[in-house]
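Quick note: the sequence shown uses my numbering, first residue 2, plus one each step. Heads up, the beta-carbon is just placed ideally off N, CA and C, and yes, glycines get one too. All values derive from a computational prediction rather than experimental measurement. As structure tokens, the structure follows; a few thoughts come after it.
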Amino acid sequence: MLSLLNKRWILRSSTQDQIDKIARSLNVLPVVARLLVNRKIETVDEAQIFMESALSSLHDPFLITGMESAVDRILKAIENKESIRLFCDYDVDGVTSAAFLTHFFRDVGITVGYYLPERMKEGYGLNEDAIRAIRKEGDSLMITADCGITAVREVELARSLGLDVIITDHHQVGSDGLPNAVAVLNPHRPNCDYPYRFLSGVGLAFKLAVALRNALHKKAGWDKDRLPNMKRYLDLVALGTIADVAPLTGENHVLVRHGLEVLTTTDK
2 MLSLLNKRWI
12 LRSSTQDQID
22 KIARSLNVLP
32 VVARLLVNRK
42 IETVDEAQIF
52 MESALSSLHD
62 PFLITGMESA
72 VDRILKAIEN
82 KESIRLFCDY
92 DVDGVTSAAF
102 LTHFFRDVGI
112 TVGYYLPERM
122 KEGYGLNEDA
132 IRAIRKEGDS
142 LMITADCGIT
152 AVREVELARS
162 LGLDVIITDH
172 HQVGSDGLPN
182 AVAVLNPHRP
192 NCDYPYRFLS
202 GVGLAFKLAV
212 ALRNALHKKA
222 GWDKDRLPNM
232 KRYLDLVALG
242 TIADVAPLTG
252 ENHVLVRHGL
262 EVLTTTDK
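In structure tokens:
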């Protein structure tokens, strides 16, 4: 089989019965059905979910261990008019996390600051100088994105200075265990049964924002009309997910598919 650029495609062998069943049930070409099966999408139901990629198929963010504690702490900060700071990694995944969360908080009427470390001077992740500077500027809650999962010592310093930390990070847990933060949102952490484990940093930040929006919608006295449609931010989520080379399966596939649609008309 030749591509439009006259390159030969070599297709993996697959069970023909599976291919025929998916092609017939979904009314797609056999080559499309074969590609689905080769990607381990092997049943009609799985193929239909993949092809439809409905936003309604996204999992409840409160299934992520620590999400309730994270949302409760942010609600407390909002109620007490505390100063909130975002601390995000310097790569595209981290920068889109910072942009997305800043847009989201602004749209719901909450002002937040952000901190992006300089790669050459500060290295990766949280560092003690940045934490001291953030606390000195009056912030009492810091939310990380795409970093922080190994920052055990730095989080202890933040706690000692009166700076609470919520960590959102999709990287593997370090050998020293979890930081002693208010909440650690990471599908790879122990005792987390979230159904999808491959979210990017911005994807995980999106989950936190969805959970917070749901909580604000239930909060008495909150202006429900001000709560944004979360789909409007998916352009940034798609950009960060693709740039971080996250697997385009499951929730990532849904977020990227809809995000690319938003990207064609974005005003950001």
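Fill in: Residues of its chain near Leu186, where Cβ-Cβ distance is below 8 Å and the 5 sequence neighbours each way are ignored
Ile65, Thr66, Gly67, Met68, Ala71, Ile167, Ile168, Thr169, Asp170, Leu205, Lys208, Leu209.
Terminal residues of the alpha helix (DSSP H) in which Val32 lies:
Segment 31-39, the alpha helix (DSSP H) holding Val32.
message: Let's test the definition: count the other Cβ atoms within 10 Å of the Cβ of Arg190 and tell me whether it reaches 16, buried, or not, exposed.
response: Arg190 should be labelled buried.
Nearest residue (CA-CA) to Arg214, options Val29, Pro31, Asp73:
For the residues Val29, Pro31, Asp73, the minimum Cα distance to Arg214 belongs to Asp73.
| said: For the beta strand (DSSP E) containing Met143, name the first residue and the last one. | reply: Looking at the DSSP string, the run of the beta strand (DSSP E) that includes Met143 is 142-146.
- Item | Where the alpha helix (DSSP H) containing Thr97 begins and where it ends | If you look at Thr97, you'll find it in the alpha helix (DSSP H) that goes 93-108.
Margin query: Mapping the DSSP letters down to three states, classify Asp165 as helix, strand or coil.
Written below: Asp165: strand per DSSP, three-state reduction.
query = What residues match up with Leu186 in a beta bridge as DSSP calls it?
reply = Thr169, per the DSSP bridge assignment.
Gly204 lies in the alpha helix (DSSP H); which residues open and close that run? Unbroken alpha helix (DSSP H) run through Gly204: 202-219.
Review point. So, helix, strand or coil for Tyr197, using DSSP?
Key: Correct three-state label for Tyr197: coil.
Where the beta strand (DSSP E) through Leu87 begins and ends: First-last of the beta strand (DSSP E) with Leu87: 85-89.
- request: Any chance you could list the alpha helix (DSSP H) runs of at least 4 consecutive residues sitting entirely within the stretch 111-142, in chain order?
  value: Taking 4 residues as the minimum length, the alpha helix (DSSP H) runs contained wholly in the stretch 111-142 are 120-123, 129-137, in order along the chain.
query: Whose C-alpha, out of Asn39, Pro62, Thr16, is nearest the C-alpha of Tyr197?
result: Nearest option by C-alpha distance: Pro62.
*Using the Cα positions of Thr265 and Leu235, report the straight-line distance between them to the nearest angstrom.*
Answer to the nearest angstrom: the Cα atoms are 11 Å apart.
### Query
Nearest to Val153 by alpha carbon, out of Leu142, Thr112, Asn181, Arg13?
With respect to the C-alpha of Val153, the residue from Leu142, Thr112, Asn181, Arg13 having the closest C-alpha is Asn181.
- Query: CB-CB under 7 Å to Leu164, same chain, minus the five flanking residues each way: which ones, in chain order?
  - Reply: Correct list, in chain order: Ile132, Ile135, Arg136, Asp140, Ser141, Met143.
| request: Keeping to the same chain, check which residues put their C-beta closer than 7 Å to that of Met52; ignore five residues upstream and five downstream. | output: These residues qualify, in order along the chain: Leu27.
- Query: Are the beta-carbon atoms belonging to Arg227 and Val109 less than 8 Å from one another?
  - Reply: Taking 8 Å as the Cβ cut-off, Arg227 and Val109 qualify as a contacting pair.
For Lys22, which residues from the same chain have a beta carbon less than 7 Å from its beta carbon, with the 5 sequence-adjacent residues on both sides left out?
-> Leaving aside the five residues that flank Lys22 on each side, the residues in its chain whose CB is nearer than 7 Å to its CB run, in chain order, Val45.
| What are the boundary residues of the alpha helix (DSSP H) that Ser70 is part of? | DSSP places Ser70 inside the alpha helix (DSSP H), whose first and last residues are 68-80.
Item to check | Closest residue to Arg258 among Lys232, Gln173, Val183 (Cα-Cα distance) | outcome: Cα-wise, what sits closest to Arg258 is Lys232.
How do the stretch 111-127 and the stretch 146-161 stand: do at least 3 beta-carbon pairs fall below 8 Å, yes or no?
With a cut-off of 8 Å on Cβ pairs, the stretch 111-127 is in contact with the stretch 146-161, counting three or more such pairs.
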